[in-house]
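**Q** Numbering (UniProt numbering), first residue to last: 1 to 251. Ideal Cβ placement from N, Cα and C applies to all residues, glycine included. As the structure is a computational prediction, the values presented were derived from the model and not from experiment. Below: one structure in structure tokens.
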């Protein structure tokens, strides 16, 4: 069922084999959307775009001119932008006692500053309204050692969507976030090979299982589709099977 037929979605962070941005791109394309995929690495983008019948545009989100050009090119190629998904991020794991400024900057540049600039130019490309979605993390809800930089940046954007929802209310652009639990991707795959880690997470999850890429893609589809979620705005959707009510495992 092509529920997004005639809509255009721009997805940043859609390079790799098994990651959240790729899964969302495939889901939205399957629902009929014109999908523009973007990241820094061109080869994986081109392969994905060819597979889903979309358009690949390379973009470094730390460069505002490239973010602006991404939306200009997407609009020119498809006639407009209706959905924008920010799935880019930089993982940082370091104790506060050992932090340096150089440990902090890369994550802030991509996960916080890059996301805000993405909001700015996505909304500018949506004069008739639309849906902007960012991928956040359970760790922005639940604290854990070494996660101050990564989780702090995610938590900051989770708050910024609420500000954006108010600032763009007259333009009818919705802003929402998906706070994901631990999901198997290219980056987290090695963790899923360590049974005690996965068992500890499942034990803290009322749903009794780990989340999947399809869970993330379905959540993004829900927030992207005006017919499904048009009255949801400024919301952080916990996609963690209930783990957000407890705590992270300690290892």
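According to DSSP, is residue 9 helix, strand or coil?
**A** Strand at residue 9.
**Q** Could you compute how far the alpha carbon of residue 175 sits from the alpha carbon of residue 136?
**A** 13 Å
**Q** Do residue 228 and the ligand GTP come close, with the Cβ less than 7 Å from some heavy atom?
**A** What this structure holds is no ligand at all, so the ligand GTP is not there to describe.
**Q** Judging by CA-CA distance, which residue of 125, 151, 12 and 141 is the nearest neighbour of residue 115?
**A** 12
**Q** Please classify residue 57: does DSSP put it in a helix, a strand, or coil?
**A** coil
**Q** If you follow the alpha helix (DSSP H) that residue 159 is part of, which residue opens it and which one closes it?
**A** 148 to 167 is the span of the alpha helix (DSSP H), which, as asked, contains residue 159.
**Q** Specify the secondary structure class of residue 142 as computed by DSSP and reduced to three states.
**A** coil
**Q** Verify whether the separation of the beta carbon atoms of residue 71 and residue 10 is less than 8 Å.
**A** Yes, they are a contact pair.
**Q** In whole angstroms, what is the alpha-carbon distance linking residue 86 and residue 241?
**A** 22 Å
**Q** Pull up the CB-CB distance for residue 146 and residue 18, whole angstroms please, since I reckon it's below 8 Å.
**A** Wrong, their Cβ atoms sit about 24 Å apart, outside the cutoff.
**Q** So for residue 15, helix, strand or coil by DSSP?
**A** coil
**Q** Alpha carbon to alpha carbon, how far is residue 38 from residue 5? Give it in angstroms, no decimals.
**A** 20 Å
**Q** Is it true that the segment 124 to 135 meets the segment 165 to 173, where meeting means three or more beta-carbon pairs spaced less than 8 Å apart?
**A** The segment 124 to 135 makes contact with the segment 165 to 173; the number of CB pairs closer than 8 Å reaches 3 or more.
**Q** Quick check: residue 14 and residue 25, are their CB atoms within less than 8 Å of each other?
**A** Yes, the pair counts as a contact, with Cβ atoms nearer than the cut-off.
**Q** Anyone know if the C-beta pair for residue 237 and residue 219 falls short of 8 Å?
**A** yes
**Q** Do residue 118 and residue 67 have their C-beta atoms closer together than 8 Å?
**A** yes
**Q** Around the C-beta of residue 78, are 16 or more other C-beta atoms found within 10 angstroms, so that it is buried, or is it exposed?
**A** buried
**Q** Using a threshold of 8 Å, state whether the C-beta atoms of residue 165 and residue 234 are closer than that.
**A** yes
**Q** For a test of the three-state rule: what should DSSP assign to residue 238, helix, strand or coil?
**A** strand
**Q** What is the DSSP secondary structure of residue 222, reduced to helix, strand or coil?
**A** helix
**Q** How should residue 245 be labelled, buried or exposed, when 16 other C-beta atoms within 10 angstroms of its C-beta is the threshold for buried?
**A** exposed
**Q** Please state the DSSP three-state secondary structure of residue 67.
**A** helix
**Q** Drop a sphere of 10 angstroms on the beta-carbon of residue 201, count the other beta-carbons inside from all chains shown, and report buried for 16 or more, exposed for fewer.
**A** Answer is buried; the Cβ neighbour count reaches 16.
**Q** Determine which residues share a DSSP beta bridge with residue 86 and list them.
**A** 12 and 134
**Q** In chain order, which continuous runs of the beta strand (DSSP E) of length 3 or greater are located wholly inside the segment 165 to 201?
**A** 173 to 180
**Q** Can the beta-carbon of residue 181 be found less than 8 Å from the beta-carbon of residue 239?
**A** yes
**Q** In whole angstroms, what separates the C-alpha of residue 50 from that of residue 121?
**A** 25 Å
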